[in-house]
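Undergrad: Take this structure, written in C-alpha cells, and hold onto it; I'll ask about it next.
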Amino acid sequence: MAVVAHIARQFAPLVDFVYPPRCPSCGASVAAQAGLCIDCWSTLEVPDHPEVAGHDVPVYAATYYNETSRKLVLAYKHGGRIALSGLLARLIAARMPEPLAGRAPPLLVPVPLHRWRLWSRGFNQSALLARALEQSGKGEAAVAALVRFRRTPNLGGLGREARERVLTGAIRLAPGQAGRIAGRDIVLVDDVLTSGATSRACIAAIAAAHPASIAVACFARVEEGHHFAQP
C-alpha cells in the first residue's frame, strides 16, 4: 500500500496537468484532485448530534443532505467518481469516535448491493467508503458481512411502511459471518441515510449475531422534514 501511495504522489503533477483539479460539486478550479472549493465547503452542514429519530443506535454523519452534499453523492455514486471515496471517508472519520483501547477494532460493514446492481454500477460505494475508513484507522472493513439476497426497487417515493415491507428479508448475514460479528463493535457504513429503512434492515440482520454494539456511519443524513431528490 505504501508503494502504491508513493507512485500516486510521483504521478500527481502529471495527472493535475492533464486533468486540472476541479471542485466535484460546482466545477470551480481547486488546488488538489478530489478537493472542494471554499464556497462549497462553506455550504456543507454538519449535524450537531448522532441521534436520529427512528434509530436505536448512534449515527455518525459527516453532513446533512443538502444541495452540495447531493451533488457530491451523485458524482460519486452515479458519475463514477470513485476517487471521491477518500474525501467522503475523511469527512465521515472526523465524526466518528476513536476505537476503544484494549478492544478489537470495530468491524466496518457496508450496506450491500444486490449482485445485479453491483454488476451494472461496477462498484459498491459503501464498500469503498468502508475500505477508506479502514485506511483512516477507524476499524476493520468487513465488506462481505451482509448480502442483499433479493433485488429491491428504488425506494424513492415510497413511505416508511412501504419501504419496510420491500426490505423485509432482503438483507441477511452472509454465510459464515455470524461468528465474526459476535461480540464485536459494528459500524454500518453507507453513503446516504434517508428514511433509515435500509439501515434498520441491516441492523436487524447484524443484531441476530449478537454484536457488542452497533452504530451507523454515513456521509450525508437527510434531516427530518427536509426533502431532496433521492441520489
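Residue numbers (numbering that gives the first Met the number 0): 0 to 230.
C-beta atoms are modelled at their ideal positions from N, C-alpha and C, and glycine is treated no differently.
#1: For G138, is the classification buried or exposed, using 16 other Cβ atoms within 10 angstroms of its Cβ as the cut-off for buried?
#2: What are the partner residues of D189, as DSSP defines its beta bridges?
#3: Does DSSP classify V110 as helix, strand or coil?
#4: Assuming L43 contacts A88 under a Cβ cut-off of 8 angstroms, what Cβ separation, rounded to an integer in Å, is found between them?
#5: Residues in its own chain within less than 7 angstroms of A103 by CB, not counting five upstream and five downstream?
#6: Taking only three categories from DSSP, how would you classify D38?
#7: I'd like the span of the beta strand (DSSP E) that includes L172, first residue to last.
#8: Should A143 and A177 be called a contact, given that it needs their Cβ atoms to be closer than 7 angstroms?
#9: Strictly by DSSP, which residues pair up with A140?
#10: Answer with buried or exposed for D189, where buried requires no fewer than 16 other C-beta atoms within 10 angstroms of its C-beta.
TA: Answer, in terms of the structure:
#1: buried
#2: C217
#3: coil
#4: Not a contact, Cβ separation roughly 15 angstroms.
#5: R183
#6: helix
#7: 170-172
#8: no
#9: L107
#10: buried
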